[in-house]
Amino acid sequence: KFIMLSNYPGGIRTYVDAETGGHYAVWFYPETKEIKLFSGTTFDINPGLVTLGQYKGHLYDAKVDVFYHLKVIHKGKQIKVWFGKNKDKAEKIIEANDGKFKSGLFAFDGYNQPVHFDNILITGPGIPRSDGEAVESQNKLAIVWGILKSNKISKRG
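Oh and the sequence shown: position 95 is 95 in full-length UniProt numbering, straight run, nothing missing.
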């Protein structure tokens, strides 16, 4: 979600090459209500930037403090971008073919204003899944500590 509606807030990068910074990026433009898929050659978003696809339509109403659902799927050279108010209402908005990057890192990209990312799920070969999540939080320290603390407080009462 965005805190402000100025353009160039950021988005996500996929298949980021850790050495060169080459990547794919899905960027949001709230002011003009556009979403663009780019291929870039460096960590800096500007040099070597090529637009692979863009969307400007009814799904993206660009509101402050509203979460949106974004999904990027890589399959061979094909890149698909899905977007919507939630995952059940997401629609394919961009489809492109580009085989420049075949694997790499994933990055959250904020440029000149705050961007809030939440409920992130990254899947693929070699990534463990547990009911759709790569990390199982049940019985981890923070949750156990919260349970212990709440029990201690309730017993004082």
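Note that the Cβ used here is the ideal one computed from N, Cα and C, for glycine as well.
Under the three-state reduction of DSSP, D88 is assigned to helix. In this structure, the straight-line span from the alpha carbon of A62 to that of E31 is close to 7 Å.
For N97, the pairing in a beta bridge is given by DSSP as Q78.
Contact between Y24 and I79 is confirmed by a C-beta separation of about 6 Å, below the 8 Å threshold. Shortest Cα-Cα distance from I45 to any of T20, H58, K56, D65 involves T20. In summary, T51 is exposed, with fewer than 16 beta-carbon neighbours lying within 10 Å of its beta-carbon over all protein chains present. No residue range can be given for F117, since it is assigned to no beta strand (DSSP E) and is classified by DSSP as neither H nor E. Check the Cα spacing between K56 and each of S39, G40, I127, K92: the tightest is with K92. When only Cα atoms are considered, I73 and R13 end up about 12 Å apart. Take W82, set aside five residues on each side of it, and the residues of its chain with a beta-carbon closer than 6 Å to its own are K71, A90, K92, in chain order. Ranked by Cα distance from E95, the first of N119, K36, V66 is K36. In the structure shown, the three-state DSSP call for H69 is strand. Counting along the chain, Q54 sits inside the beta strand (DSSP E) bounded by residues 50-55. Residue state for K36 is assigned as strand, using DSSP reduced to three classes.
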